[in-house]
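Numbering (our numbering) for the sequence shown: 268 to 502.
Positions of the beta carbon are idealized from the N, C-alpha and C atoms, including for glycine.
Just so you know, these numbers come straight off a predicted model, no measurement behind them.
Everything below concerns the one structure shown next.
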Amino acid sequence: MDGLIVSKNTSKVGETVIKVLIADDQELIRHSLEIILKNISDIQVIDSVGDGKSVIRSIRKEKPDVILMDIRMPEMDGVQCTKIIKESYPNIKIIILTSFDDDDYILSALRDGASGYLLKGITIEELVDAIHKVHSGSAMINPNIAQKFIELYSEMAKNNQLVQVDKKAIHDVTEYEWNVIKHVAKGLSNKEIASKLKLSEGTVRNYLSNALYKLNLRDRTQLALWAVQTGKSEG
Numbered sequence: 268m269d270g271l272i273v274s275k276n277t278s279k280v281g282e283t284v285i286k287v288l289i290a291d292d293q294e295l296i297r298h299s300l301e302i303i304l305k306n307i308s309d310i311q312v313i314d315s316v317g318d319g320k321s322v323i324r325s326i327r328k329e330k331p332d333v334i335l336m337d338i339r340m341p342e343m344d345g346v347q348c349t350k351i352i353k354e355s356y357p358n359i360k361i362i363i364l365t366s367f368d369d370d371d372y373i374l375s376a377l378r379d380g381a382s383g384y385l386l387k388g389i390t391i392e393e394l395v396d397a398i399h400k401v402h403s404g405s406a407m408i409n410p411n412i413a414q415k416f417i418e419l420y421s422e423m424a425k426n427n428q429l430v431q432v433d434k435k436a437i438h439d440v441t442e443y444e445w446n447v448i449k450h451v452a453k454g455l456s457n458k459e460i461a462s463k464l465k466l467s468e469g470t471v472r473n474y475l476s477n478a479l480y481k482l483n484l485r486d487r488t489q490l491a492l493w494a495v496q497t498g499k500s501e502g
């Protein structure tokens, strides 16, 4: 994030504002992110904290839409925090933003419900894009570790950590829902899926919601994990 410049955006009438919570134990990083995101018209930084327990306290008060979560924090790390938050606040989107390209962390964070895992070397434009995409329901993974995202399935299988789905439920998924699932597994947003399938975003959301309900999965990240590990993302 060093040496990057962001131009200030002009607010649009009726624009949805995304409430963002920053969680990082390094004060310099927190302040830098605050300064950067204040220049984005549809993003509002509602709080900035330095440890896991403060994250939990803050979300009870501030109700953020998206959390930028560091992995290694005192009191409670980002993975533990993610697990607790997603159990109680499933609609809050979490982007793990870290310097550490660590297999165990990637595996745990995604399994516990993180919507993104990004390294701090990304550009400002990539970070802002990730915030917008996870807020709209997409999953975001840094290109530098995307291959590891696939490789982790073999490790998950060894540790019996695969996402489980009732086989009977699979037969209830319609052809239209399968088409959406395949694109979700490739990391596409609802808008991108709608464009490819020539559907409205509302229709894509409905197909996605139906698929999640039928398969008894928590969110699109779990759905993507399941689709890739079972080969359902092919085609």
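CA-to-CA distance, residue j to residue i, given in whole angstroms
i: residue 309; j: residue 435; result: 43 Å
i: residue 489; j: residue 380; result: 7 Å
i: residue 396; j: residue 377; result: 19 Å
i: residue 307; j: residue 289; result: 15 Å
i: residue 287; j: residue 437; result: 36 Å
i: residue 494; j: residue 341; result: 35 Å
i: residue 299; j: residue 330; result: 22 Å
i: residue 322; j: residue 467; result: 36 Å
i: residue 343; j: residue 460; result: 36 Å
i: residue 484; j: residue 350; result: 15 Å
i: residue 386; j: residue 366; result: 5 Å
i: residue 399; j: residue 473; result: 20 Å
Beta-carbon separation (whole angstroms), residue i vs residue j, contact threshold 8 Å
i: residue 332; j: residue 292; result: Residue 332 to residue 292, Cβ: 22 Å. No contact.
i: residue 451; j: residue 487; result: 5 Å
i: residue 403; j: residue 456; result: 6 Å
i: residue 303; j: residue 336; result: Residue 303 to residue 336, Cβ: 16 Å. No contact.
i: residue 359; j: residue 389; result: No, residue 359 and residue 389 are not in contact; Cβ-Cβ is about 21 Å, not under 8 Å.
i: residue 405; j: residue 454; result: 7 Å
Any non-hydrogen atom of the ligand COA closer than 8 Å to residue i Cβ
i: residue 450; result: The ligand COA is not part of this structure, which contains no ligands at all.
Beta-bridge pairing of residue i - partner residues as DSSP gives them
i: residue 407; result: 383
i: residue 365; result: 386
i: residue 451; result: In the DSSP output, where bridge partners are listed per residue, residue 451 has none listed.
i: residue 287; result: 312, 333
i: residue 360; result: 333
Bounding residues of the beta strand (DSSP E) (the contiguous stretch that carries residue i)
i: residue 314; result: 310-316
i: residue 333; result: 333-336
i: residue 479; result: Unbroken run through residue 479 is the alpha helix (DSSP H), 468-482; no beta strand (DSSP E).
Host alpha helix (DSSP H) of residue i (start-end)
i: residue 307; result: Segment: none, residue 307 is in no alpha helix (DSSP H) and carries neither H nor E.
i: residue 392; result: 391-402
i: residue 342; result: Counting along the chain, residue 342 falls outside any alpha helix (DSSP H), and DSSP gives it neither H nor E.
i: residue 435; result: 434-437
i: residue 462; result: 457-464
Closer than 8 Å is the cut-off here; do at least three beta carbon pairs connect the segment 442-453 with the segment 309-325?
no
Between the segment 326-342 and the segment 353-364, can you find at least three pairs of beta-carbon atoms closer than 8 Å?
yes
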